[in-house]
Amino acid sequence: QLNLKDPELLALIGFNTYLDGTSLLKSHSMSNNVIYTNTTGGKTPIAIKIQQIDNVISQASISIYINNSLIKKINAIQYTNSTGKYIPLTHYEGILKPNDTYKIELFNIAMDKSNIEATILNVQ
Numbered sequence: 727q728l729n730l731k732d733p734e735l736l737a738l739i740g741f742n743t744y745l746d747g748t749s750l751l752k753s754h755s756m757s758n759n760v761i762y763t764n765t766t767g768g769k770t771p772i773a774i775k776i777q778q779i780d781n782v783i784s785q786a787s788i789s790i791y792i793n794n795s796l797i798k799k800i801n802a803i804q805y806t807n808s809t810g811k812y813i814p815l816t817h818y819e820g821i822l823k824p825n826d827t828y829k830i831e832l833f834n835i836a837m838d839k840s841n842i843e844a845t846i847l848n849v850q
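Numbering (the working numbering), first residue to last: 727 to 850.
And the structure:
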């Protein structure tokens, strides 16, 4: 639970920072099949962003799980007028409860080709 004063609320809305300059958000890269846990002590928004991943095979996909339940699956699609395939730029946004877990699973995609990042609220 955030305890905000009016100037802090205005700073958060406009600049995504607390008055002391600390970022409102914190991000981390995600690794394949690693379980992450919401340790903020409260509910928090989460955004999982996936950059476009080029030159994958047709069966390639990325799955996003919350509490071991499949929430979203992104499948490879074919370039227009081409034989190449890619995973499109996409994202998932949701709310995590305290101690909720989240993870990604890559299928037929090497980690060195992926750029997947999770961002949550930096509760102070």
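Beta carbons are placed, not taken as given, at the ideal position from N, Cα and C, and that holds for glycine. Predicted model, so just to flag it, every value in this text is computed and none were measured.
Check for me: the beta strand (DSSP E) holding residue i runs from which residue to which?
i       : result
Tyr-812 : 811-813
Pro-771 : 770-776
Asn-781 : Unbroken run through Asn-781: none, as it is neither H nor E.
Asn-793 : Segment: none, Asn-793 is in no beta strand (DSSP E) and carries neither H nor E.
Lys-829 : 827-833
Tyr-805 : Note, Tyr-805: premise wrong, no beta strand (DSSP E); not H, not E.
Lys-752 : 751-755
Ile-821 : 816-822
If you run the structure through DSSP and keep just helix, strand and coil, what is residue i?
i       : result
Asp-746 : coil
Lys-839 : helix
Gly-767 : coil
Within a Cβ cutoff of 7 Å, which residues of the same chain sit near residue i, ignoring the five residues on either side of it in sequence?
i       : result
Ile-790 : Ile-774, Ile-797, Lys-798, Tyr-818, Ile-830
Ile-803 : Lys-811, Tyr-812, Pro-814
Asn-758 : Ile-830, Glu-831, Leu-832, Met-837
Enumerate in chain order the residues of its own chain whose CB-to-CB distance from residue i is below 6 Å, with the five nearest sequence positions on each side excluded.
i       : result
Lys-769 : Ile-821, Lys-823
Please list, in chain order, all residues of the same chain as residue i whose beta carbon is under 8 Å from its beta carbon, the five residues on each side excluded.
i       : result
Ile-842 : Ser-755, Met-756, Ile-774, Lys-775, Ile-776, Gln-777, Ile-788, Ile-830
message: Does the structure place the stretch 814-821 close enough to the stretch 758-768 that three or more beta carbon pairs sit under 8 Å?
response: Verdict: no, contact absent.
message: Three or more C-beta pairs under 8 Å: does that hold for the stretch 767-784 against the stretch 806-813?
response: With a cut-off of 8 Å, the stretch 806-813 and the stretch 767-784 count as touching, because enough Cβ pairs lie within range.
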